[in-house]
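To start, the structure itself, in structure tokens.
Residue numbers (the working numbering), protein chains in the order written: chain D, 1394 to 1502; chain X, 11 to 314.
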């Protein structure tokens, strides 16, 4: 039985054990039997909880690996933005230089 | 420059500047859709986490109801039961927390992409170039070569538009190259999302079924089997009807959420491929994808 098959089986069992018919049956049983029923349901809940969390964690670990690569790509995007920004700074500087040349040229003319 | 040649250049610049205003639209829309997708994913994780905890709480209450309260080990038995389920819930919260960190990384990627698309650098660089052109013109006049570089206000505007297009093209090429480069990594993440959302859909469907069963027993069957018929107490009957409708609707909407969120991961993957290979009808496809995300958000709101 694979973990996924086990999860399916336990999900089905948990639902059946909590169904109204089964609950109604145990409602009329002596306290000791009622307690056994309660503990059985508890065991099923715990086992199912552990298996479903493990399944989530296993896929989640792969997501974490993707996150690192995505973060690297995000940093590169930021770099692209900075490149555009530095092109503007160069042009602004060029503009200032031309203005300065103009002023100096007027002085010499 | 002859009048005819000036006219041709002017038309060329105007056509190009017209294109420039639309050229980045698919990228802007794609980046926005990516951000919306990340938000939906985040919300689905929250719904799944809260539903799982609520389902465990409902089960604990019912199991506790059948425990032998007169037994000598009652307290210890019930405290152990609580502790075991608490540990599982804490582990689940941690798993979802790690997944939300991944969503946050994905969201940052699309936000950065969006910033690159909508950056003010294009217009600012264009303004810087126009100012430079103006200064060259002024300088040429002062140096006695007036007419060579002389620019009218209208022509300065054309230069600005043309520059905007030229930089816009460069920006567009950068974006396309970027998306082409990043596509395999984002696609791999989206494939994992599809798998994860399949797992979440399975858990969520079961959790909602159990929650619904417990609430059905408590709110529907209990009053229905009570010694006083619902017909004798109208207020309870109205509440009973509302509860019954809410429970039935919750079951169908969770299935919608599960299928829609999984489909959204597939759709974003498809969009990504189209961004790289074929841009035909891209805006229409992005609109359809956004409609899918809106549907997910509508179901999530119904949960809150």
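C-beta: ideal position from N, C-alpha, C; glycine also.
- In this structure, residue 124 of chain X lies away from residue 227 of chain X, with their beta-carbon atoms at least 8 Å apart.
- Residue contact check for residue 1421 of chain D against chain X: no CB pair falls below 8 Å.
- Between the alpha carbons of residue 61 of chain X and residue 1408 of chain D lies a gap of roughly 16 Å.
- With distances taken between CA atoms, residue 121 of chain X lies nearest to X:43 out of X:43, X:254, X:224 and X:309.
- Counting along the chain, residue 233 of chain X sits inside the alpha helix (DSSP H) bounded by residues 232 to 235.
- Within the same chain, 40, 43, 292, 295, 296 and 299 come within 8 Å of residue 281 of chain X by CB-CB distance, once the 5 residues on both sides are set aside.
- Per DSSP, residue 1396 of chain D is one residue of the alpha helix (DSSP H) stretching across 1396 to 1410.
- CA-to-CA, the gap between residue 202 of chain X and residue 217 of chain X works out to about 22 Å.
- Nearest Cα to residue 1448 of chain D within the set X:102, X:71 and X:52: X:102.
- At a C-beta separation below 7 Å, residue 1471 of chain D has these neighbours in chain X: 122.
- Chain D has a Cβ within less than 8 Å of the Cβ of residue 119 of chain X.
- Under the Cβ distance rule, residue 1396 of chain D does not count among the residues neighbouring chain X, no pair being separated by less than 8 Å.
- In the displayed model, residue 96 of chain X falls within a helix according to three-state DSSP.
- The C-beta of residue 1430 of chain D comes closer than 8 Å to at least one C-beta of chain X.
- Among the CB atoms of chain D, none fall inside 8 Å of the CB of residue 45 of chain X.
- Residues of the segment 1440 to 1452 of chain D whose Cβ lies closer than 8 Å to any Cβ of chain X, in chain order: 1442, 1443, 1445, 1446, 1448, 1449, 1450 and 1452.
- Between residue 58 of chain X and residue 235 of chain X, the beta carbon gap of about 33 Å keeps them out of contact (Cβ cut-off 8 Å).
- When CB distances to chain D are screened at a threshold of 7 Å, the residues of the segment 82 to 116 of chain X falling below it are 91, 94, 95, 98, 101, 102, 105, 108, 109, 111, 112, 115 and 116, in chain order.
- About 5 Å separates the beta carbons of residue 204 of chain X and residue 275 of chain X, which is inside the 8 Å limit, making them a contact pair.
- The distance from the Cβ of residue 1433 of chain D to that of residue 1399 of chain D is about 17 Å, inconsistent with a contact at the 8 Å cut-off.
- Just so you know, the alpha carbons of residue 109 of chain X and residue 200 of chain X end up roughly 13 Å apart.
- In this structure, residue 220 of chain X places its C-beta atom within 8 Å of the C-beta atom of residue 65 of chain X.
- Under the three-state reduction of DSSP output, residue 91 of chain X falls in the helix class.
- As summarised for the segment 194 to 255 of chain X, the continuous alpha helix (DSSP H) elements at least 4 residues long and confined to that stretch are 232 to 235, given in chain order.
- The C-beta of residue 145 of chain X comes closer than 8 Å to at least one C-beta of chain D.
- Per DSSP, residue 50 of chain X is one residue of the alpha helix (DSSP H) stretching across 35 to 76.
- For the C-beta of residue 1414 of chain D, not a single chain X residue is nearer than 9 Å; the gap to the nearest is close to 11 Å.
- Distance from residue 1441 of chain D to residue 1404 of chain D at the Cβ level is roughly 7 Å; contact confirmed, criterion being Cβ atoms closer than 8 Å.
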